[in-house]
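Each remark here refers to the structure printed beneath this line.
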Amino acid sequence: MTEKIKNEILSIHPNFNKEELNNGLKYFEEKSYKAKDIISEKGKITEYLYFANSSVIRCYYIDKNVYEQTLWMKPEKTFVTEYKSFTSNEKSMFSLQFYENTKALCISRENLLRLYKESNDWALFGVLLTEKLHVTLIDVFVNLLANDATDNYKYIEYMFPKFIEVAPLKDIASMLQVSPVTISRIRGNKEKH
Numbered sequence: 780m781t782e783k784i785k786n787e788i789l790s791i792h793p794n795f796n797k798e799e800l801n802n803g804l805k806y807f808e809e810k811s812y813k814a815k816d817i818i819s820e821k822g823k824i825t826e827y828l829y830f831a832n833s834s835v836i837r838c839y840y841i842d843k844n845v846y847e848q849t850l851w852m853k854p855e856k857t858f859v860t861e862y863k864s865f866t867s868n869e870k871s872m873f874s875l876q877f878y879e880n881t882k883a884l885c886i887s888r889e890n891l892l893r894l895y896k897e898s899n900d901w902a903l904f905g906v907l908l909t910e911k912l913h914v915t916l917i918d919v920f921v922n923l924l925a926n927d928a929t930d931n932y933k934y935i936e937y938m939f940p941k942f943i944e945v946a947p948l949k950d951i952a953s954m955l956q957v958s959p960v961t962i963s964r965i966r967g968n969k970e971k972h
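In the numbering used here, each number is its position in the sequence shown, counted from 1, plus 779.
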């Protein structure tokens, strides 16, 4: 798993000094999680940045009608946290959940800030990761806002096929802000063609 996180870090910051990279990875802890484990809970401060080995992660909240509403999903082998809570040390407005059993490498905010102070490469990685997340977020939201439900489903299916495999239909529908019936129709129409 260490190689997977190294590859992801190097894809974000290709010129990372190998010694500094390896020294920083010592601050990451490996933890095991079961499917449906909540890794960040609404109302609590998010303390870790996660790198999941094999599970899609979703961010959701409970609406006023007590229904779960999925805001976004992230694929495995990417960095994820509830960023507002993690960076501001405020209580989270959302919960994060793994869909599958997985191992994850986790680093506390305290240790990540220590790395930022001690290493220019780790500090640059933090900036580059933030930029990457921002651009990805804009790309996804612009795409989802500009298209209809069918095109959005096709986009998710093309860009993030594992979401379709592991996420319940209700979560995909919620994320796309359509009903599960609409997703069923889209799937049915695809099978006819």
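Heads up, the beta-carbon is just placed ideally off N, CA and C, and yes, glycines get one too. All figures in this text were calculated on a predicted structure; none of them were measured in a lab.
Closest residue to residue i among the options (Cα-Cα distance)
i	options	result
Ile817	Glu861, Pro793, Asn926 and Asn796	Glu861
Val945	Ser819, Arg893 and Val835	Val835
Glu936	Ser887, Asn786 and Lys969	Lys969
Ser867	Lys856, Glu889 and Leu850	Glu889
Glu808	Lys863, Leu800, Thr781 and Glu787	Thr781
Lys805	Glu787, Leu891, Phe920 and Thr961	Leu891
Cys838	Met852, Thr881 and Phe830	Met852
Ser963	Met938, Thr929, Lys911 and Pro940	Thr929
Ile791	Val921, Ser953 and Gly905	Gly905
Gln876	Pro959, Glu820 and Phe858	Glu820
Gly822	Phe858, Phe865, Ala814 and Ile784	Phe865
Ser811	Tyr829, Lys941 and Asn796	Tyr829
Thr881	Asp950, Pro940, Ser887 and Lys813	Lys813
Ser898	Glu799, Met938 and Ile788	Glu799
Asn931	Ile951, Glu855 and Gln848	Ile951
Ile824	Leu789, Leu850, Gln848 and Ser887	Ser887
Range covered by the beta strand (DSSP E) that runs through residue i
i	result
Lys853	Glu847 to Lys853
Ile841	Ile836 to Ile841
Lys882	Thr881 to Ser887
Ser874	Ser874 to Phe877
C-alpha gap between residue i and residue j, whole angstroms
i	j	result
Pro793	Asp918	23 Å
Leu894	Ser833	26 Å
Lys863	Ser871	7 Å
Asp845	Phe873	In the sequence as displayed, the identity of residue 845 is Val instead of Asp. For Val845 and Phe873, the distance between alpha carbons rounds to 14 Å.
Leu908	Tyr840	25 Å
Asn926	Met954	14 Å
Tyr827	Phe858	10 Å
Phe942	Asn801	31 Å
Ala831	Cys885	9 Å
Lys949	Val957	9 Å
Ala883	Glu787	14 Å
Val960	Ile784	38 Å
Per DSSP, the bridge partner or partners of residue i
i	result
Thr929	None; Thr929 has no bridge partner.
Val859	Tyr829
Lys821	Paired residues: none, contrary to the question.
Lys896	Paired residue(s): none; Lys896 is not in a bridge.
Lys1027	Lying before the first or after the last residue shown, residue 1027 is absent from the chain, which here runs from 780 to 972.
Residue i - containing alpha helix (DSSP H), residue span
i	result
Phe973	Only positions 780 to 972 of the chain appear in this structure, which leaves residue 973 out of reach.
Met954	Leu948 to Leu955
Practice problem: Output the residue ranges of the beta strand (DSSP E) runs that lie fully inside the segment 787-819 and measure 3 residues or longer, sorted by chain position. | Solution: 808-812 and 817-819
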